[in-house]
Amino acid sequence: MICPILVKIMLDDVDRRILRQWQADPSLAPGELAQRARVSVGQLARRQARLREAGVVRGVAAVIDWTALGYAVEVSLRVTLDKTQGTAFDDFLAEAREIPEVIEIQTFLGRVDVRLSVIARDMAHYQHLYRSRILTLPHIADIEALMHVARIKSDPALPL
Amino acid sequence: MIQVDDTDFAILRLLTQDAGQGAGAIGRACGLSQPAAWRRIRRLRDAGIVGGQRLVLDAEALGFGVTVFLGVKLATKGRVSLEDFERAVSAIPEVQTVEHVLGLYDYRLRVVARDLPDFERVLRRRIMTLPGAGEVEANVLLSEERRPGPLE
Numbered sequence: 001m002i003c004p005i006l007v008k009i010m011l012d013d014v015d016r017r018i019l020r021q022w023q024a025d026p027s028l029a030p031g032e033l034a035q036r037a038r039v040s041v042g043q044l045a046r047r048q049a050r051l052r053e054a055g056v057v058r059g060v061a062a063v064i065d066w067t068a069l070g071y072a073v074e075v076s077l078r079v080t081l082d083k084t085q086g087t088a089f090d091d092f093l094a095e096a097r098e099i100p101e102v103i104e105i106q107t108f109l110g111r112v113d114v115r116l117s118v119i120a121r122d123m124a125h126y127q128h129l130y131r132s133r134i135l136t137l138p139h140i141a142d143i144e145a146l147m148h149v150a151r152i153k154s155d156p157a158l159p160l
Numbered sequence: 001m002i003q004v005d006d007t008d009f010a011i012l013r014l015l016t017q018d019a020g021q022g023a024g025a026i027g028r029a030c031g032l033s034q035p036a037a038w039r040r041i042r043r044l045r046d047a048g049i050v051g052g053q054r055l056v057l058d059a060e061a062l063g064f065g066v067t068v069f070l071g072v073k074l075a076t077k078g079r080v081s082l083e084d085f086e087r088a089v090s091a092i093p094e095v096q097t098v099e100h101v102l103g104l105y106d107y108r109l110r111v112v113a114r115d116l117p118d119f120e121r122v123l124r125r126r127i128m129t130l131p132g133a134g135e136v137e138a139n140v141l142l143s144e145e146r147r148p149g150p151l152e
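Sequences listed follow chains H and C, in order. Residue 160, in the working numbering, is where the first sequence stops; the numbers in between run on with no holes. Residue 152, in the working numbering, is where the second sequence stops; the numbers in between run on with no holes.
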């Protein structure tokens, strides 16, 4: 049986130049991007296709500004789970996925087990979500909240 | 704030999956004509609801195997200005996000590194030396999923 092995492609300086410019502004037209990366448009298209095929580039996603949709409150909930229950992680994550206002779920090695990013229209809405949906999640041993005040830097770019 | 309906939510869901789709493809998926879809996308952009685009990269395939979240407490509040700290921390290339938070910590940082020794280098040379940085808590990211959010 042949096992599917993820082939790691070797990136050269041209790939890095393209990725640096592309991630800096994914909405650029091909002509403009090619110019900034100092490659021809044809070369750019071939390299982009190769990077996508290799899975290095998974796609371009639109970013939703939740505040513009009326969600003024964002809270980071840091959760410690009761790990004496073998299925604590799976049970907790499965139920957290059912809450629409949870926009991000991360698991960690460290003092915190899971972090949920929760958005709400206002503090009253948050209070309601917290009591009716969050605190009812299974196997919570401890929970801490960090309230977002401001996003100072938000740059998913990698230091290539 | 503009009114958004179920069709707008459907368009937003499609755009968060692939921002490169044209109005034609979006329209077909939502049962709209191409011009009608284009007008709705334009309206969502103008309202700032579609905030921008993000290139989704496989960090691991690019050699960045470690992501660590740091909770940072400022040691000497009042003496060091928040602006100085924010400016210095934002200038570190390995720091992807900086959030000012209320609670246990003052700032929450997302740091990407090639491996743990590389992370240690960033932590010691760049983070610990920041003006005003006090207590730091680190949690290594194991898994991460972005959810569609309340787009119903």
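Here a beta-carbon is modelled for each residue, glycine too, at the ideal position from N, C-alpha and C. Being a predicted model, the structure only gives us computed values, none of them experimental.
Spatial neighbours of residue i in its chain, beta-carbon cut-off 6 Å, leaving aside the 5 residues before and after
i: A47 (chain C); result: I2
i: V112 (chain C); result: F64, T67, E94, Q96
i: V140 (chain C); result: V68
i: Y126 (chain H); result: V73, A120
Beta carbon proximity, residue i to chain H, threshold 8 Å
i: M1 (chain C); result: yes
i: D81 (chain C); result: The residue asked about is misnamed: residue 81 (chain C) is Ser in this sequence, not Asp. Closer than 8 Å: no.
i: Q34 (chain C); result: no
i: R153 (chain C); result: Residue 153 (chain C) is absent from the model: chain C starts at 1 and stops at 152.
i: I49 (chain C); result: yes
Run of the beta strand (DSSP E) containing residue i, from where it starts to where it stops
i: A61 (chain H); result: 57-64
i: L77 (chain H); result: 73-81
Start-to-end residues for the alpha helix (DSSP H) that takes in residue i
i: G134 (chain C); result: Per DSSP, G134 (chain C) belongs to no alpha helix (DSSP H); it is in the beta strand (DSSP E), 133-146.
i: V14 (chain H); result: 13-24
i: R28 (chain C); result: 23-30
i: L15 (chain C); result: 6-17
i: D46 (chain C); result: 34-46
8 Å Cβ cutoff, residue i in contact with chain C
i: V112 (chain H); result: yes
i: I143 (chain H); result: no
i: C3 (chain H); result: For C3 (chain H), the predicted structure reports a pLDDT of 40, less than 50, and the residue's modelled location is therefore unreliable. The matter cannot be settled from this model.
i: S27 (chain H); result: yes
i: D90 (chain H); result: no
i: K83 (chain H); result: no
i: L109 (chain H); result: yes
i: L137 (chain H); result: no
i: Q43 (chain H); result: no
Cβ distance (whole Å) where residue i is taken to contact residue j below 8 Å
i: C30 (chain C); j: I11 (chain C); result: 6 Å
i: R78 (chain H); j: R115 (chain H); result: 5 Å
i: G149 (chain C); j: I140 (chain H); result: G149 (chain C) to I140 (chain H), Cβ: 22 Å. No contact.
i: V72 (chain C); j: D106 (chain C); result: 6 Å
Close Cβ partners of residue i (< 8 Å) along its chain, the five nearest in sequence each way excluded
i: R47 (chain H); result: V14, D15, I18, V39
i: I30 (chain H); result: In the sequence under discussion, the amino acid at residue 30 (chain H) is Pro, which differs from the Ile named in the question. These residues qualify, in order along the chain: V41, L44, A45.
Residues near residue i in its chain [Cβ-Cβ closer than 7 Å; skip 5 each side]
i: E95 (chain H); result: L137, P138
* Any chance you could list the alpha helix (DSSP H) runs of at least 4 consecutive residues sitting entirely within the region 87-143 of chain H, in chain order? => If only uninterrupted alpha helix (DSSP H) runs of at least 4 residues are considered, those enclosed by the region 87-143 of chain H are 88-96, 123-129.
* To do: Any chance you could list the alpha helix (DSSP H) runs of at least 4 consecutive residues sitting entirely within the region 50-124 of chain C, in chain order?
  => If we require 4 residues or more, the alpha helix (DSSP H) runs fully inside the region 50-124 of chain C come out as 82-90, 116-122.
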